[in-house]
Amino acid sequence: MKATQKALNETALAMHQVHHAFDQHTVVKGVDLTVAPGEVVCLLGPSGCGKTTLLRIAAGLETLQEGSVSLQDEQIAAPGLRHIPPEKRNVGLAFQDSALFPHLSVLENVTFGLKHLSTSNRRARAEELLSQLGMAAYASSYPHMLSGGQQQRVALARALAPEPQLMLLDEPFSSLDARLRDRIRDDTLHVLKKVGAATLLVTHDPEEAMFMADRIALMRDGCIVQTGTPRELYCSPKDPFVVTFFGEVNEMDGVVEEGHVATPVGFVPAEGIADGTRVQVMIRPEALRVIERDLPVGAHAHSHIVMAKLLGRSSLLHLCAHADDGLEAHLHARVPGVFLPAEGQPIDIHLDLSQVFVFPAAETAQVS
Ligand code: ATP
Numbered sequence: 005m006k007a008t009q010k011a012l013n014e015t016a017l018a019m020h021q022v023h024h025a026f027d028q029h030t031v032v033k034g035v036d037l038t039v040a041p042g043e044v045v046c047l048l049g050p051s052g053c054g055k056t057t058l059l060r061i062a063a064g065l066e067t068l069q070e071g072s073v074s075l076q077d078e079q080i081a082a083p084g085l086r087h088i089p090p091e092k093r094n095v096g097l098a099f100q101d102s103a104l105f106p107h108l109s110v111l112e113n114v115t116f117g118l119k120h121l122s123t124s125n126r127r128a129r130a131e132e133l134l135s136q137l138g139m140a141a142y143a144s145s146y147p148h149m150l151s152g153g154q155q156q157r158v159a160l161a162r163a164l165a166p167e168p169q170l171m172l173l174d175e176p177f178s179s180l181d182a183r184l185r186d187r188i189r190d191d192t193l194h195v196l197k198k199v200g201a202a203t204l205l206v207t208h209d210p211e212e213a214m215f216m217a218d219r220i221a222l223m224r225d226g227c228i229v230q231t232g233t234p235r236e237l238y239c240s241p242k243d244p245f246v247v248t249f250f251g252e253v254n255e256m257d258g259v260v261e262e263g264h265v266a267t268p269v270g271f272v273p274a275e276g277i278a279d280g281t282r283v284q285v286m287i288r289p290e291a292l293r294v295i296e297r298d299l300p301v302g303a304h305a306h307s308h309i310v311m312a313k314l315l316g317r318s319s320l321l322h323l324c325a326h327a328d329d330g331l332e333a334h335l336h337a338r339v340p341g342v343f344l345p346a347e348g349q350p351i352d353i354h355l356d357l358s359q360v361f362v363f364p365a366a367e368t369a370q371v372s
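Going by full-length UniProt numbering, the sequence shown opens with residue 5, and the numbers climb by one from there.
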């Protein structure tokens, strides 16, 4: 095989059937995960689902109990057989609480892992990374003189400096305030892509994962529920957990009749689900498109406004929808920009079906 072809086929990280338990309590349950060279994969999931444990196993900070871990197609961990220690794995680590060397300056912290380079090359590389992460002015400062967010950026630069085959980042932006976080995420992604570093990044923030990831692996209770591009997870979620993880949804029950479910805001197709099945219908707030018509209060319309709130870039409408059977349903709609109709204002709604999902109800029951 030609060298270039081999490089294309390599997997930067491959974890196969990894299980892990702490004191009889299994927290990682048969995980398969790969990261391709140059790819950024985000491990996303609620607190306690096992993300950090998985990352620590990849780093070698936890001993593998079951399964296998390979780096660049070389097995680096097999239970009871092989455990290459963290410092020999050619992996860059930046964790939430990554400690910098307190007695070294920022520049010395970043050049620490570059002993194989000449002094001038070391310095140039560290200065370039510090500048890309907005920390050039602090090169001669010491860690105690920096804020938590600044320390995190230095830790990132230090991890990136030796150009590791794999970067393992655990909530690397958690101590940054919201405005700075956006910029540093952007800068970090730019650096990761420029360096071509394969990256596994842990976060519990869906927006962060969507921004950073080529692929997201969404975890729940020790298992990966769905892996795919941000678009695949957002637009083709596999189950209700995946839908709700990406934000608020309007949920309602229904029954499939002639391939559709009747809801107070219109008919929703239920592809591949048999007639008579009880289903859960999930409608994202942005799926409710408000049709602006100058209707007088009391006019016949599908809905009326209960409350409207300006959130900044969008407005949140609390609607009461009137179903044909006389029932009412309360829903949230999110519309771009400033749109603040008065309470009681009648309003018509169009449903964007691409943001509506139908799943068989948890205890699937046939209705006769
Ligand atoms: P978070 O987002 O809150 O950091 P996480 O998804 O990264 O959560 P882990 O830190 O991997 O989750 O923890 C998974 C489970 O394992 C939790 O129930 C946690 O309490 C438990 N756990 C983690 N480390 C240990 C340990 N060293 N000893 C015992 N239990 C542990």
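Glycine is no exception: its CB is placed at the ideal position from the N, C-alpha and C atoms.
Query	Result
Integer Cβ distance of I220 from C53, believed to fall under 8 Å	That belief does not hold up - the Cβ atoms of I220 and C53 are roughly 13 Å apart, past 8 Å.
7 Å Cβ cutoff met for D174 and L292	no
Cα-Cα separation between F116 and S240, rounded to whole angstroms	45 Å
H208: CB within 6 Å of a non-hydrogen atom of the ligand ATP	yes
Collapsed DSSP secondary structure at Q21 in the structure displayed	strand
L323 beta carbon less than 7 Å from that of A337	yes
Limits of the unbroken alpha helix (DSSP H) element including residue 3	This structure leaves residue 3 out entirely; the chain is present only between 5 and 372.
Simplified DSSP state of L65, which is helix, strand or coil	coil
G64 Cβ short of 6 Å to the ligand ATP heavy atom set	no
Three-state class that DSSP yields for R129 in the structure shown	helix
P364 versus I61 - alpha carbon distance	36 Å
CB of C227 within 7 Å of CB of K33, strictly	yes
Pairwise C-alpha distance: L37 and A63	14 Å
Pick from H354, V158, R127 that is closest to Y142, judged by C-alpha positions	V158
L205: first and last residue of the uninterrupted beta strand (DSSP E) it sits in	202-207
CA-to-CA distance, I188 to M216, given in whole angstroms	11 Å
G190 to S178 span [Cα, whole Å]	The sequence shown places Asp at residue 190, not Gly. If you take the alpha carbons of D190 and S178, they lie about 14 Å apart.
Span separating the alpha-carbon of Q349 from that of M311	10 Å
Coarse secondary structure for E78, derived from DSSP in three states	strand
Close Cβ partners of S74 (< 6 Å) along its chain, the five nearest in sequence each way excluded	A18
One or two residues paired with L335 in a DSSP bridge	L323
7 Å Cβ shell around A333 - same chain, five flanking residues per side excluded	M256, P268, A325, A327
Integer Cβ distance of D279 from V44, believed to fall under 8 Å	Not really, about 43 Å apart at Cβ, beyond 8 Å.
Residue environment, P273, which counts as buried when at least 16 other CB atoms sit within 10 Å	exposed
Limits of the unbroken beta strand (DSSP E) element including A163	Not the beta strand (DSSP E): A163 falls in the alpha helix (DSSP H), residues 152-164.
R224 to R86 span [Cα, whole Å]	28 Å
Reduced DSSP secondary structure (H/G/I, E/B, other) of residue 4	There is simply no residue 4 to check, as the chain begins at 5 and stops at 372 in what is shown.
Spatially closest choice to Q69 from E347, D186, L222, T57, by CA coordinates	T57
Residue from P345, S307, S109, N113 whose Cα sits closest to the Cα of L335	S307
Boundaries (first-last residue) of the alpha helix (DSSP H) holding V269	Looking at the DSSP string, V269 is not in any alpha helix (DSSP H), and its letter there is neither H nor E.
Test item: CB-CB of P345 and I309 under 7 Å	yes
Beta-carbon contacts of L118 that lie in its chain and below 8 Å, excluding the five residues immediately before and after	N125, R126, R129, A130, A165, P166
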